[in-house]
Every structure is written in structure tokens, then in C-alpha cells.
Amino acid sequence: MFKRFLSPLVFFVAMGLAVSLLAVIFIIFWSTLPAKSAVQAPTVVLTVIAAPTSTPIPLTPTVSLTPSVTPTLNLSPNGGSIQVGAYVQITGTGGDGLRLRKGPGTDYEQIFLGREAEVFLVKDGPKEGSGYTWYYLEAPYDTNRSGWAVSDFLQVVASQAP
Numbered sequence: 001m002f003k004r005f006l007s008p009l010v011f012f013v014a015m016g017l018a019v020s021l022l023a024v025i026f027i028i029f030w031s032t033l034p035a036k037s038a039v040q041a042p043t044v045v046l047t048v049i050a051a052p053t054s055t056p057i058p059l060t061p062t063v064s065l066t067p068s069v070t071p072t073l074n075l076s077p078n079g080g081s082i083q084v085g086a087y088v089q090i091t092g093t094g095g096d097g098l099r100l101r102k103g104p105g106t107d108y109e110q111i112f113l114g115r116e117a118e119v120f121l122v123k124d125g126p127k128e129g130s131g132y133t134w135y136y137l138e139a140p141y142d143t144n145r146s147g148w149a150v151s152d153f154l155q156v157v158a159s160q161a162p
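According to the UniProt record's numbering, the sequence shown holds residues 1 to 162 in order.
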């Protein structure tokens, strides 16, 4: 029975239809691909920004003919008593620094850590607290760096003359 349906003519016709069907599918697929456009090189934009120049601002000097009194500093390299107006240096912490606190006592919050050899101006004190003597210090270069410190790690480096 299969011999009647598998004659060479039927076989070649079936093969021709299969090839034709594949060709149609390929043509449809090929025609739906996006068209290749010429790839353009990106446009380079160069913006030149002129370097800033300094504009000299003329300073008008102010001359005061009235003498002013300036405090003189007594240098105290060998120490001295810590008092308000004296400049003190943090020393003896072994490089660990000194904790400056919100109040005169170890139970007050630590504000920041003063570095070894950092110099401060004494603004208040002495006050007793937590078994130590405390002084209120302020950095001469930044008033925000101020707080209470234990006197055990402070050395007078200069004091204002009366």
C-alpha cells in the first residue's frame, strides 16, 4: 500500500513543496529585519572653559594714630600655674590625646579629642569634678573646639601678663 503513495513523482513533489515553503519562510523573516543604516560616528563637541584669573582687590589700609594696648605673653617653658588667659599644651598622653568634655567631670559627654601638643587658651576654671581639676579650654584657631579638660595633661606654654 505504501508503494503506491511513495512513487518517485510524489516524493519529488513533496520535496519541492518543502523547499518552497522554507524559501517563503526565509523571505518573510529576512524582510522583517530592520534595515541596516549607515553607522555615523558620534559628533565630538569640545567646550573650552577659560581658566580663572585673579583679580587684584585693592586694599585700603586703615591707619590708626591712637596707640593700642596689646597683652604681652610671658613664656613659661618650665610650666607654671594654669590660670584663665594662659595658653596650655596637651602633653603626657602618649600620643593618645585628651578627651574634652561638655562639663567638668568624667560623667559628662565627650565632645572631641584634643591631639598631643595641641595648644588651647584657658577660658574658665579650675573646677573640681570626678576627683580631678578641670579647666575650660578653647582652641585659638577655632572657637568650636572648646570643652573641659583634666589639668593632669596640661602644661602652661604662655600666659598673658596682667
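A virtual CB, placed ideally from N, CA and C, is assigned to each residue, including glycine.
Tell me whether residue i is buried or exposed, calling it buried when 16 or more other Cβ atoms sit within 10 Å of its Cβ.
i	result
G114	buried
Q40	exposed
L21	exposed
G95	exposed
G125	buried
L100	buried
Measuring alpha carbon to alpha carbon, tell me which of the options ends up nearest residue i.
i	options	result
G129	G147, G103 and L121	G103
Q89	V48, Q110, E138 and R101	E138
K123	G131, A86 and I27	A86
L121	F11, Q83, S31 and L46	Q83
T143	Q155, F112 and T133	F112
By the three-class DSSP mapping on this structure, what secondary structure does residue i have?
i	result
L17	helix
V24	helix
T143	strand
V150	strand
L75	Because L75 sits at a pLDDT of 48, beneath the cut-off of 50, its placement in the model cannot be relied upon, and the following sentence gives the value as read from the coordinates. Of the three classes helix, strand and coil, the one that applies to L75 here is strand, per DSSP.
V10	helix
T133	strand
Going by the CB atoms, is the gap between residue j and residue i shorter than 8 Å?
i	j	result
T93	F153	yes
A117	T91	yes
Y135	S151	yes
L98	A158	no
P140	V119	yes
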